[in-house]
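Novice: Okay, so the sequence shown: first residue is 28 according to the working numbering, each after it adds one.
All C-beta atoms, glycine included, are put in the ideal place defined by N, C-alpha and C.
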Amino acid sequence: MRNNGKRPRRKRSAFVGRPNELGALLADLRTAKGLSLREVEEATGQAVSNAYLSQLENGRIQKPSPNVLHSLAGVYAVPYEALMEKAGYLLRSEEGRQRSRLAAFAIDDLTAEEEEELLKYLAFLRSRNPTPSPS
């Protein structure tokens, strides 16, 4: 052994700091709504801090509490059950698949990957043409 008899330090997981599926989805939803991290914090009544949300989106926090997911579902106007599925709390049932869609698309045969790509594209479009705020 090297280092005076101490074990060598293990490298951090490559997954730490990378967005996971839930984190990437939350970032896409926030961007699609045109909200900043602080605006989400305010919209949740400080139930979800901007720092915590940033860690979620970047994959540093893997399994947020159901309460956090409930608050975010309300702000992002998506089904709570869908976020619970992405976080691994609920199993995705084929029967409930159509009911728990994250976007209101008229196409019935979208794959999960296609749906996520559409959300990303929507976020991109909205970032190019921000809606004017009401005066």
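1. Helix or strand or just coil, what does DSSP make of Lys-60?
2. Could you give the first and the last residue of the continuous alpha helix (DSSP H) run that contains Gln-82?
3. For Tyr-107, which residues from the same chain have a beta carbon less than 6 Å from its beta carbon, with the 5 sequence-adjacent residues on both sides left out?
4. Which residues bound the alpha helix (DSSP H) around Ser-154?
5. Taking Glu-142 as the reference, give the member of Val-95, Asn-47 and Asp-55 with the closest Cα.
6. Ordered along the chain, which non-local residues of its own chain (more than five positions away) have a Cβ less than 8 Å from that of Glu-68?
7. Pick helix, strand or coil for Arg-87, following the three-state DSSP scheme.
8. Quick check: what's the CA-CA separation for Val-105 versus Arg-65?
9. Looking at C-alpha atoms only, which residue of Leu-49, Leu-145, Lys-147 and Gly-61 is the closest neighbour of Arg-87?
10. Taking the straight line between their C-alpha atoms, what separation do you get for Gln-82 and Leu-53?
11. Is Lys-113 buried or exposed, if buried means 16 or more other CB atoms sit within 10 Å of its CB?
12. How far does the alpha helix (DSSP H) with Gly-101 in it extend, from its first residue to its last?
Specialist: Well, looking at it:
1. Helix.
2. If you look at Gln-82, you'll find it in the alpha helix (DSSP H) that goes 77 to 84.
3. The beta carbon of Tyr-107 lies closer than 6 Å to those of His-97 and Ala-100 in the same chain, with the five residues before and after it left out.
4. Element bounds for Ser-154: 139 to 155.
5. Nearest C-alpha to Glu-142: Asp-55.
6. The answer, listed in chain order, is Val-75, Ser-76, Asn-77 and Leu-80.
7. Note: Arg-87 maps to coil in three-state DSSP.
8. The straight-line gap from Cα to Cα measures roughly 19 Å.
9. Ranking Leu-49, Leu-145, Lys-147 and Gly-61 by Cα distance to Arg-87 puts Leu-49 first.
10. Approximately 11 Å between the Cα atoms of the pair.
11. Here Lys-113 is buried: its Cβ has 16 or more other Cβ atoms, across all protein chains shown, within 10 Å.
12. It spans 93 to 103 - the alpha helix (DSSP H) in which Gly-101 sits, taken as one unbroken run.
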